[in-house]
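Just so you know, the sequence shown maps onto residues 515 to 960 in this note's numbering.
One structure is given here, and the rest of the page talks about it.
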Amino acid sequence: MLKYLFFMLFLIPMVFLENFFWLLQVLMFMISFLFMFSISFDSFFMHLGMGLGIDLMSFGLILLSFWIVALMIMASESIFKNNYSKLLYMMNMIFLMIMLMFSFSVTNLFMFYLFFESSLIPVLFLVLGWGYQPERLQAGMYLLFYTLFASLPMLISIFYIQSSSGMLSFIMMNMVSYNFVLFYLSMVLVFLVKMPMFLVHLWLPKAHVEAPISGSMILAGIMLKLGGYGLMRVMMMMSGVSLVYNIIWISISLIGGFLVSMICIRQVDMKSMIAYSSVAHMGIALSGMMTMSMWGWNGSYSMMLAHGLCSSGLFCLANISYERSGSRSMLINKGMMNLMPSMCLWWFLLVSSNMAAPPSLNLLGEISLLNSIVGWSFISMFMLMLMSFFSAVYSLFLYSYSQHGKIYSGIYSCSMGYFREYLLLFLHWVPLNLLILKSDLCLLWL
């Protein structure tokens, strides 16, 4: 893993070159492919050494991180064109990438905690430094304090493990079992806030609405997945107490997922709607994971990968409309089919992927999750039916409301998308719909 770190560190001098951003973008795509081809299935952990190591679970998420960061650079053209502190912006990106890579590849629980918290700093800078409105200060504070307050009990639990057993390695911790409630709550709470679970999700729509496009992409694409990844790692050592108390989180997530879907239907802000749909999707992924079944874990992992690509693409689309009309309101962004006919296809493709239409990876994840949750309790079938139905409702509502209807006369007549934007959406959609052909990566990693 150190070779990827050095690759990242040597990107920093390139920031000072003239017209550097396209070069960094190409190099980020290059490292994605280098990393993808370095996989070996012959051992449980790959690239072991120096306290780092990746298994198949972290492999998919690191690859997703590289891919989303490369696409973030492509989406942030306005920052480079208008020179909004582009050097600092690029440095921030590289720092964020290093933190994410380490978060997913460390094998020590304390180091994971350290990088998990450190990855918040660049995202906070993105929201506070390159956000759109003065309310971004409030959004930044929400983001910071929700995460920090929830994570302090986990730090105490980590110290407790260290003092009682003397080791914090993920590989060894699976052999130990800590079955008492306070420990369980303090370990799980931080990841529930990060996922986010309904009731502790209020920071997410605020942060998304105020963040620039790259901030929204990384928040939806990777930061929510950090919560799921951490939860899978710590659940291994608390399986006894988890089976007793997970019913609480499953109930909250399923009922919350339905309520959030209803909230989605009455949103007028595009970004806010996509952010709330993330909460609904993560709710069902969290429920599946908490059933502690193989179907549930595989399904939630597939759902996390698919949602990372899909919601990131939807935020890109919302941003493309925002750059044209100067507003995120659905009352103004109507009749886009008349203004940008070709973009209409991408709206349809990504919205249909969001509501788990075949052949997207969302479908695979959702079927596995339905299987695991219904297997866990048949009564949950009712909530799942409502969630799946309303997921389709708000997705179609977003598509039809933005593409059809009478054009708001304040915006100019015809505006085709740039080649860069179509490529950006293509690179979101293709892995999302082709990964289902290589679904053993999502279903056979346990």
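Glycine included, each C-beta is placed from N, C-alpha and C at the ideal position.
- Beta-bridge partners of Asp783 (DSSP): Ser843.
- Around the beta-carbon of Met564, fewer than 16 other beta-carbon atoms lie within 10 Å, marking it exposed.
- In chain order, Leu831, Tyr913, Ser916 and Gln917 place their CB closer than 7 Å to the CB of Trp861, counting only its own chain and leaving out the 5 sequence neighbours on each side.
- For Met686, the enclosing alpha helix (DSSP H) starts and ends at Phe684 to Met687.
- Beta bridge pairing from DSSP links Ile568 with Met560.
- In the three-state reduction of the DSSP assignment, Asn833 falls in the helix class, which pools H, G and I.
- Where Phe535 is concerned, the enclosing alpha helix (DSSP H) starts and stops at Phe535 to Met550.
- With respect to Leu578, Phe549 sits apart: the two C-beta atoms are not nearer than 8 Å.
- Of the residues Asn885, Leu884 and Met857, the one whose Cα lies closest to the Cα of Tyr936 is Met857.
- Judged by their CB atoms, Ser826 and Ala734 are nearer to each other than the 8 Å cut-off.
- As computed with DSSP, Asn622 is found in a beta bridge with Ser683.
- If only uninterrupted alpha helix (DSSP H) runs of at least 4 residues are considered, those enclosed by the segment 634 to 660 are 634 to 644.
- For Ser867, the enclosing alpha helix (DSSP H) has its first and last residue at Pro855 to Asn868.
- Note that the C-beta distance between Ser617 and Phe609 is not below 8 Å.
- In this structure, the beta-carbon distance from Val704 to Ala664 falls below 8 Å.
- Of the candidates Phe558, Tyr922, Leu823 and Tyr759, the residue whose Cα lies closest to the Cα of Met806 is Tyr759.
- Excluding residues up to 5 positions away in sequence, Tyr627 lie with their Cβ nearer than 7 Å to the Cβ of Leu669 in the same chain.
- Looking at Lys720, Lys739, Met711 and Gly645, the one whose alpha-carbon comes closest to that of Ile762 is Met711.
- For Trp717, the enclosing alpha helix (DSSP H) has its first and last residue at Trp717 to Glu724.
- If you draw a straight line from the Cα of Arg838 to the Cα of Ser929, it comes to about 8 Å.
- A distance below 8 Å separates the beta carbons of Val723 and Ser786.
- In the three-state scheme derived from DSSP, where H, G and I count as helix and E and B as strand, Met711 is classed as coil.
- Excluding sequence positions up to five before and after Ser590, its CB lies within less than 6 Å of the CB of Ser728, all in the same chain and listed in chain order.
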